[in-house]
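So the structure is just underneath, and the comments pick up after that.
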Amino acid sequence: MANVKEFSVEEKLSSLVALQKIESNLDEIRVLKGELPIEVADLEDEIQGLHARQIRIEEEINGITEFIEQKKAAIKEAQDLVAKYEKQSENVKNNREFEAINKEIEMQQLEVKLCEKHIKDANEEIAEKAVLLERAKKAIANKEGVLTNKKGELEKIITSTEEEEKGFQDKAEEARSHVDPRLLASYTKIRNNFRNGLAVVPVERDACGGCFYSIPPQKQSEIKQRKKIMVCENCGRILVDSDLNDSVEVK
Ligand SMILES: [Zn+2]
Numbered sequence: 006m007a008n009v010k011e012f013s014v015e016e017k018l019s020s021l022v023a024l025q026k027i028e029s030n031l032d033e034i035r036v037l038k039g040e041l042p043i044e045v046a047d048l049e050d051e052i053q054g055l056h057a058r059q060i061r062i063e064e065e066i067n068g069i070t071e072f073i074e075q076k077k078a079a080i081k082e083a084q085d086l087v088a089k090y091e092k093q094s095e096n097v098k099n100n101r102e103f104e105a106i107n108k109e110i111e112m113q114q115l116e117v118k119l120c121e122k123h124i125k126d127a128n129e130e131i132a133e134k135a136v137l138l139e140r141a142k143k144a145i146a147n148k149e150g151v152l153t154n155k156k157g158e159l160e161k162i163i164t165s166t167e168e169e170e171k172g173f174q175d176k177a178e179e180a181r182s183h184v185d186p187r188l189l190a191s192y193t194k195i196r197n198n199f200r201n202g203l204a205v206v207p208v209e210r211d212a213c214g215g216c217f218y219s220i221p222p223q224k225q226s227e228i229k230q231r232k233k234i235m236v237c238e239n240c241g242r243i244l245v246d247s248d249l250n251d252s253v254e255v256k
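Residue numbers (my numbering): 6 to 256.
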């Protein structure tokens, strides 16, 4: 039979506090990086969207420019016809023929005016689109600048924390092996319940260090005795006295 050492509650709690502190360090590193990868991905999406917008506006401007060319050609055609009719009107045989030709000339002149109006409107539309295009280009340049910074920041954090993270991971594994398996299971369960990953907390200013629910004096003295695993009745976190919490150092 192997000689299994039975750990005291105090020793169990100390191992657990050590594990909690190591894992909190890992959580901090994760938080540090946490926002940046999302921010970088969001910026890349935004820039892609802006590029699509830029292309769409450029295509619209091209379409309007083509429309203007068509209207210019139509004006030329109408003017040619007017010139032709004016020449014909010099050789009219009667009043009726003269009036018919005049009507044709008027119609073509009207066509010219209409085309000119269309061109004017189209040019105004182009001017509006040009403003939007400029705005999109500026936004792209702006976002690309921010993206470069964020990417650099993330790269720096990854490089600088890589070693630290690895160290804490090794320490966490080591610390886990010192924690009673049943206690470790409850610790992990509690830890997963909270966003800040705190499962073991000290009593601070007569309250739970996790949820700030006040702890009655009787319970506080029991916690200080370190004879039983005590939990906060409000949040379920494991409670330790602040002296025990402070005595465990993690580097
Ligand atoms: Zn609590």
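Glycine included, each C-beta is placed from N, C-alpha and C at the ideal position. All values reported here derive from a predicted model rather than from experimental measurement.
Look at the region 44-98 and you find no whole run of alpha helix (DSSP H) that is 4 residues long or longer. Here the distance from the Cβ of G202 to the nearest heavy atom of ligand 1 is not below 7 Å. Exclusion of the five residues before and after Y192 leaves L21, L24, Q25, V184, A204, V205, I243 as the residues of its chain whose Cβ lies within less than 8 Å of its Cβ. Per DSSP, E102 is one residue of the alpha helix (DSSP H) stretching across 100-182.
Three or more Cβ pairs closer than 8 Å define a contact, and the region 92-106 falls short of that threshold against the region 38-52. The beta carbon of V14 is closer than 7 Å to those of R231, K232, K233, I234 in its chain, skipping five residues each way along the sequence. Short note on Y192: C-beta not closer than 7 Å to any heavy atom of ligand 1. Minimum Cα-Cα distance from N128 among the listed residues G202, K76, L188 corresponds to K76. At least one heavy atom of ligand 1 lies less than 7 Å from the C-beta of G215. Boundaries of the alpha helix (DSSP H) harbouring E227: 222-230, taken from the DSSP string. The three-state reading of DSSP puts A204 in coil, since its state is none of H, G, I, E or B. Excluding five sequence positions before and after L86, the CB atoms of its chain that fall closer than 6 Å to its own CB belong to Q113, given in chain order.
Here DSSP, grouped into helix, strand and coil, assigns I243 to strand.
Secondary structure of V236 (DSSP, three-state): strand.
Here H123 has K76 as same chain residues with Cβ atoms under 6 Å from its own Cβ, once five neighbours each way along the sequence are excluded.
With a cut-off of 8 Å on Cβ pairs, the region 155-168 is not in contact with the region 62-75, counting fewer than three such pairs. Relative to K81, the option among L119, E40, R61 whose CA is nearest is L119. Selection L41, K134, E209, L189 evaluated against T70 yields K134 as nearest (Cα-Cα). Counting along the chain, the unbroken alpha helix (DSSP H) around S191 starts and ends at 186-198. Between the region 131-146 and the region 97-110 there are fewer than three inter-stretch CB-CB distances shorter than 8 Å, so the stretches are not counted as touching. In the structure shown, S219 adopts extended strand secondary structure according to DSSP, grouped into three states.
At least 8 Å separates the beta-carbon of I27 from that of A190.
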